[in-house]
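In the numbering used here, the protein residues as written are 1 to 101. Virtual Cβ for every residue (Gly too), placed ideally from N, Cα, C. The model shown is predicted, which means the values in this text are computed figures rather than measured ones. Here's the structure, in C-alpha cells; my notes come after.
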Amino acid sequence: MSAHPLPPLTAGASHEEVRERISAVWRDLFAEPGLRLAEEDNFFTLGASSLLAMRMVTVLSEELDVPLSMLAVVENPTLGGLTRHVRELSAAGGAREVGEL
C-alpha cells in the first residue's frame, strides 16, 4: 500500500510513533494526504466500509508486523484505541489474537 514500507515496530514504540504510522495508513486508504486525525476519530465514522477495514488490517499487519484482526478493528475503531491495541500486540511479540476474524 505505502510507497515506502515501514520497518516493524519495536516493543518499546511510543504511542505517538504508532499513532502516526496508523494515521499514515488511514490517509492512504482514504486518499486524503492532508487529513488531520485526532485520537477520538473513528475509522467507520470517517466513512470506512468493512472492505476498507479489511484492507487496513492487511496493510497494518504487514507493514507493522503485528497480528491485527478485523475483530480488533471493530472493537477499537478510534485512532487512539487502535493505537493502544497495536502497541499491546507489538509488546506481546506477535502472539495471535484469540477469536480473530
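- With respect to the C-alpha of Glu40, the residue from Val18, Ser14, Met70 and Thr83 having the closest C-alpha is Thr83.
- Distance from the CA atom of Ile22 to the CA atom of Ala48, rounded to whole angstroms, is 14 Å.
- DSSP places Thr45 in the coil class of the three-state scheme, outside both helix and strand.
- In the same chain as His15, and ignoring 5 residues on each side of it, the C-beta atoms closer than 7 Å to its own belong to Thr83 and Arg87, in chain order.
- With a 10 Å radius around the Cβ and a threshold of 16 neighbouring Cβ atoms, Leu51 comes out exposed.
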